[in-house]
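Student: Here you go, one structure.
Residue numbers (our numbering): 50 to 302.
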């Protein structure tokens, strides 16, 4: 999963609501001790692939339905959101201690009014990529929610925050979490060219000759990027590959 900040805008709440699709995944957030509510919107282009993966799918050619989440799907997504809120709280901790909790969810954002339509809000837009799929996520923060702490948002405060390095505890926490992250690795055995006639005539038992000899090195890709080269073999009755060197980023498969 790749996430990046795409936009940061000042809008009215009405403009924000009318920019969203419907139905969508619209979640209300409490941010204690701040008064009022924030909201989190996640595009269906991201929500349904997440649900598919949680239920054991592969996201291959998944159809994105134009409907609200079912009760079961909504519970699954809320579990992910609750985990994400702990990371959101960490992002705020240098400014103040905030406890984020889910206050409710809705599929039609036009039915939710956390502030008056003409009230000013800050909208931070994120681009999220899950494999080959991409979608957006938006965090909407009404101005009246952060108005009591605007004194902490001065230029000097943000300048000091932006130049603050990670502490040893933070670096250790990131390192430990990364060690348990799962990555997808693939070994590419080779390729060949077939005519349509040859493709249609294939049957069980046919042998397809690839463009690589068995004693050549094969490329190992990690998250769709060339990482290692190695030679094929066997280990305890299973196919295996022995890493022989690092692969070049543009090395042919």
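All residues carry an ideal CB built from backbone N, CA and C; glycine is no exception.
Please report the distance separating the alpha-carbon of residue 129 from that of residue 136.
Tutor: Locating residue 129 in the chain shown gives position 80, where the first residue counts as 1. Locating residue 136 in the chain shown gives position 87, where the first residue counts as 1. Cα to Cα, the separation comes out at about 11 Å.
Student: By alpha-carbon positions, which one of 81, 188 and 290 ends up nearest to residue 146?
Tutor: Within the chain shown, numbered from 1, the residue matching residue 146 stands at position 97. Out of 81, 188 and 290, 81 has the C-alpha closest to the C-alpha of residue 146.
Student: Would DSSP call residue 266 helix, strand or coil?
Tutor: Position 217 of the chain shown, counted from the first residue, corresponds to residue 266. Here residue 266 sits in coil by DSSP.
Student: For the region 66 to 108, which segments carrying the beta strand (DSSP E) assignment without a break, of at least 3 residues, lie completely within its bounds, in sequence order?
Tutor: As far as the region 66 to 108 is concerned, its whole beta strand (DSSP E) runs of at least 3 residues are 74 to 81 and 86 to 91.
Student: Less than 6 Å between C-beta atoms, sequence neighbours within five positions excluded: which residues of the same chain meet that for residue 173?
Tutor: In the chain shown, the residue the question calls residue 173 occupies position 124. Closer than 6 Å at the Cβ level, and outside the excluded window around residue 173, lie 57 and 188.
Student: Does DSSP put residue 230 in a helix, a strand or coil?
Tutor: Indexing the chain shown from 1 puts residue 230 at position 181. Coil.
Student: From residue 127 to residue 100, what distance separates their C-alpha atoms?
Tutor: Working through the chain shown from its first residue, we reach residue 127 at position 78. Working through the chain shown from its first residue, we reach residue 100 at position 51. The alpha-carbon atoms of residue 127 and residue 100 are separated by roughly 11 Å.
Student: Sort 282, 198, 113 and 299 by Cα distance to residue 291 and report the nearest one.
Tutor: For the purposes of this step, residue 291 is taken as the residue at position 242 of the chain shown. It is 282 whose Cα lies nearest to the Cα of residue 291.
Student: Apart from the five residues on each side of it in sequence, which residues of its chain come closer than 7 Å, Cβ to Cβ, to residue 106?
Tutor: Counting from one through the chain shown, the residue named residue 106 turns up at place 57. Excluding sequence neighbours, residue 106 sits near nothing in its chain.
Student: Under three-state DSSP, which class holds residue 147?
Tutor: Residue mapping note: residue 147 aligns to position 98 of the chain shown, counting from 1. Three-state DSSP puts residue 147 in coil, outside helix and strand.
Student: Please confirm if the region 153 to 164 is in contact with the region 71 to 80, defined as three or more CB-CB distances below 8 Å between the two stretches.
Tutor: Judged by Cβ distances under 8 Å, the region 153 to 164 makes contact with the region 71 to 80, as three or more pairs qualify.
Student: Assuming residue 194 contacts residue 83 (C-beta within less than 8 Å), just tell me the rounded distance between them.
Tutor: Residue numbering aside, residue 194 sits at position 145 when the chain shown is read from its first letter. Residue numbering aside, residue 83 sits at position 34 when the chain shown is read from its first letter. Yes, residue 194 and residue 83 are in contact; Cβ-Cβ is about 5 Å, under 8 Å.
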